[in-house]
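Notes to accompany the following structure.
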Amino acid sequence: FFQVNFVSISRSRSFLDLSFDEVSSLLQRDTLNLDNEQQAYEAVDRWIWHDSERIQFGSRLLKSIRLSLLPSLFISNTVERAKWVRETEECADILKGFK
1 FFQVNFVSIS
11 RSRSFLDLSF
21 DEVSSLLQRD
31 TLNLDNEQQA
41 YEAVDRWIWH
51 DSERIQFGSR
61 LLKSIRLSLL
71 PSLFISNTVE
81 RAKWVRETEE
91 CADILKGFK
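So in full-length UniProt numbering, the last one in the sequence shown is 99, and the numbering has no gaps at all.
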C-alpha cells in the first residue's frame with residue numbers, strides 16, 4: 001500500500017511519524033511508485049525537518065535516493081542547499097562522490 005501510494009502518503013502527517021527504519025525500507029523498494037526521484041528527496045526532506053534530531057539519518061537516507069535520476073539543477077539548487085545536507089559531512093561526501 002505504501003509503495004503504491006508513496007507520494008500522497010509522504011505528504012501526510014502519518015508519514016512524518018514513521019521511524020527511520022520504515023522510511024529507509026520504503027525508499028529502498030524497487031517497486032516504489034514515483035513520478036520522479038525528486039519526490040523521494042522531497043519526502044526525505046520533509047521527514048527530516050519534522051524532527052531536527054533526524055538529521056543524524058540524513059546521509060543514510062540520501063544514499064537511498066537515486067541521485068543519478070535527479071536533474072543536475074535540482075541537485076545544485078535544492079539538494080546541495082538543504083541545511084541538513086550542508087551541515088552533514090557524510091552528505092557532502094556523498095554528493096562529491098556523485099559528481
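Idealized CB from N, CA, C, for every residue including glycine.
field: Proximity winner among D45, F57, I55 and R54, relative to I75 (alpha-carbon distances)
entry: Taking the Cα of I75 as reference, the smallest distance to any Cα among D45, F57, I55 and R54 is reached at D45.
query: Looking only at C-alpha atoms, which of T31, F15 and S59 sits nearest to E90?
result: Closest option to E90, judged by alpha-carbon separation, among T31, F15 and S59: S59.
query: What's the call for T88, buried or exposed, on a 16-neighbour Cβ count within 10 Å?
result: Result: buried.
field: Extent of the continuous alpha helix (DSSP H) run through S10
entry: Unbroken alpha helix (DSSP H) run through S10: F6 to S10.
task: Would you identify the three-state DSSP class for R60, choosing helix, strand or coil?
output: R60 falls in the helix class under three-state DSSP.
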